[in-house]
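Using our numbering, read the sequence shown as starting at 33 and increasing by one per residue.
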Amino acid sequence: AQQQFRNSDTATDNAKTDAIVGAGNPSFLGIQTIFTSELKITDERCYDPLPIFRILNPSHERVQLPEDFKLDENTLTKIYRKMVTLNIMDKILYESQRQGRISFYMTNTGEEAIQIGSAAAITLEDVIYAQYREAGVLLWRGHTIADFMNQCYGNHKDAAKGRQMPVHYGSKKLNFVTISSPLTTQLPQGSIARFLLILLRVVRQFFSITQQNSLAVGTAYALKRSKRNACAVCYFGEGAASEGDAHAAFNFAATLDCPIFKGDGIAARGPAYGIPTIRVDGNDVLATYHATKVAREFSIRSKKPFLIEAMTYRDEIAYWNHYMPIIRYHNYLESIGLWCERRDTELKKHVKNSVLLAFAEAEKERKACWKELFTDVYRTMPKHI
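The structure is reproduced here in structure tokens:
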């Protein structure tokens with residue numbers, strides 16, 4: 033996979049100078065020119081489907097580990113523990129919202145591999161622009177269960193002082209930009225950072241971010257100018273990809289050569305913008321990890337954007353429950369002797385107790401004070417406030 037990415041690094045340069053058929057034909061900058069006397073209409077049927085990169089197949093068996101794939105045993109098991117923690121926390125908070133104990137919640141079901149796998153492949157120096165379903169990324173980077181509970185309750189221990197909706201997480205310490213409700217705000221902003229990683233995913237929920245895309249592109253360009261060895265990482269879905277800001281962000285990233293990743297049912301759009309692209313099995317945590325790691329290295333090395341499309345399920349819940357990322361990865365770890373049912377039972381019991389305890393503590397805390405509504409917002413408080 034890494035060699036494939038390296039080859040794509042030079043594709044644009046080759047296209048600028050090569051691939052004209054017949055002596056005397058003009059060379060058009062940035063494209064390959066082939067002249068024909070047959071008039072052909074080009075549509076989606078003219079292209080072969082993009083392959084989906086996979087390491088673990090649906091039967092939970094290893095297909096083939098890439099030669100440059102390296103993960104130690106501690107990291108392999110840590111990935112599983114974080115996936116389980118995210119799933120259990122999801123269930124408890126979702127049930128609590130249905131009971132009216134918290135006002136709002138959005139689950140991450142089926143996306144555990146995308147979140148944890150990609151988060152494990154990047155560094156704390158990378159800036160994250162997320163949407164509503166990337167709690168796993170923040171969990172991997174060090175956000176505690178208590179932090180999640182305090183934010184969902186909006187109590188006085190919440191870092192945002194109760195001023196955001198539940199699941200709109202943020203952490204300056206962990207380079208995780210506070211989530212915005214409007215779609216696609218993050219994409220253009222993130223692209224302005226030195227290197228931008230944008231991960232999109234196809235999911236059953238259709239409302240994702242769109243304005244965040246702008247944020248990501250902006251951050252990517254800023255990182256590029258600062259010469260920091262870091263990426264801007266932006267997550268969004270098919271809803272966001274349908275917004276105009278997403279296209280502006282893609283164009284922004286491509287024309288400014290912002291090191292960036294992006295994906296989600298729109299992989300075919302990447303090459304159209306001159307952006308190297310890969311499609312990955314979003315239910316395969318090892319494939320997601322490896323694709324993200326290689327793409328990040330590509331972006332930093334070439335100082336160019338990169339598109340990752342992570343494919344996961346939509347509405348066929350009953351079918352996909354048999355192939356959910358956690359079960360798939362659990363069976364793989366068992367097959368190589370790194371996990372067993374006893375450890376699994378102990379882990380799930382411990383995580384459930386920890387989440388319930390943190391939930392009960394957050395519920396008892398007093399709400400944030402309304403007088404702090406503008407605290408930390410302005411350097412100098414305006415007189416009218």
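Backbone N, C-alpha and C fix where the C-beta goes; we use that ideal spot for every residue, glycine too. This one's a predicted model, so the numbers in the text were calculated from it and none came from an experiment.
Verify whether the separation of the beta carbon atoms of residue i and residue j is less than 8 angstroms.
i                 : j              : result
lysine 335        : valine 116     : no
glycine 16        : alanine 400    : Outside the displayed range of the chain (33 to 417) lies residue 16, so it cannot be described from this structure.
phenylalanine 180 : threonine 216  : no
asparagine 89     : valine 159     : no
alanine 285       : alanine 278    : no
arginine 436      : cysteine 266   : Nothing about residue 436 can be read from this structure; the chain reaches only from 33 to 417.
tyrosine 112      : leucine 365    : yes
tyrosine 161      : valine 209     : yes
glutamate 397     : lysine 189     : yes
asparagine 261    : isoleucine 148 : no
glycine 369       : methionine 343 : no
threonine 107     : alanine 151    : no
histidine 322     : isoleucine 87  : yes
tyrosine 345      : glycine 202    : no
Can you have a look at residue i and say buried or exposed, based on whether 16 or more other CB atoms are within 10 angstroms of its CB?
i                 : result
tyrosine 185      : buried
valine 171        : The residue you asked about is not valine; residue 171 is leucine in the sequence shown. Classification of leucine 171: buried, given that the 10 Å Cβ count is 16 or more.
arginine 226      : Low per-residue confidence applies at arginine 226: pLDDT is 39, beneath 50, and the placement is therefore not dependable, though the value from the model is reported in the following sentence. Buried: at least 16 other Cβ atoms inside 10 Å.
phenylalanine 391 : buried
leucine 97        : exposed
leucine 339       : buried
serine 212        : buried
proline 83        : exposed
lysine 204        : exposed
asparagine 187    : buried
methionine 356    : buried
tryptophan 371    : buried
isoleucine 307    : buried
tyrosine 410      : exposed
histidine 200     : buried
alanine 281       : buried
tryptophan 402    : exposed
isoleucine 146    : buried
lysine 102        : exposed
asparagine 182    : buried
alanine 254       : buried
phenylalanine 18  : Since the first residue shown for the chain is 33 and the last is 417, residue 18 is missing from the structure and cannot be characterised.
asparagine 46     : At asparagine 46, the pLDDT of 42 sits below 50, so the modelled position is not reliable and the matter cannot be decided from this model.
lysine 114        : buried
lysine 166        : It is glutamate, not lysine, that sits at residue 166 in the sequence shown. When all chains shown are included, glutamate 166 counts as buried.
glutamate 378     : exposed
From the DSSP secondary-structure annotation, give me the bridge partner or partners of residue i.
i                : result
lysine 399       : Asn187
valine 409       : Looking at the DSSP assignment, valine 409 forms no beta bridge with any residue, so it has no partner.
phenylalanine 85 : Val312
serine 203       : Phe208
Rounded to the nearest angstrom, how far is the Cβ of residue i from that of residue j, given a contact under 8 angstroms?
i              : j              : result
valine 312     : glutamate 341  : 7 angstroms
serine 135     : proline 198    : 6 angstroms
glutamate 157  : leucine 118    : That belief does not hold up - the Cβ atoms of glutamate 157 and leucine 118 are roughly 23 angstroms apart, past 8 angstroms.
glycine 168    : asparagine 140 : 6 angstroms
methionine 138 : valine 387     : Not quite, the Cβ-Cβ distance comes to about 17 angstroms (not below 8 angstroms), so this is no contact.
threonine 324  : isoleucine 154 : 7 angstroms
Is there a Cβ from chain B that is less than 8 angstroms from the Cβ of residue i?
i            : result
tyrosine 267 : No chain B appears in the structure shown, which is made up of a single protein chain.
Does any heavy atom of the ligand SAM sit closer than 7 angstroms to the C-beta of residue i?
i            : result
tyrosine 267 : Looking at this structure, you won't find the ligand SAM or any other ligand, since it has none at all.
key: At least 3 beta-carbon pairs within less than 8 angstroms: the stretch 304 to 321 vs the stretch 356 to 369   = Touching, per the Cβ criterion.
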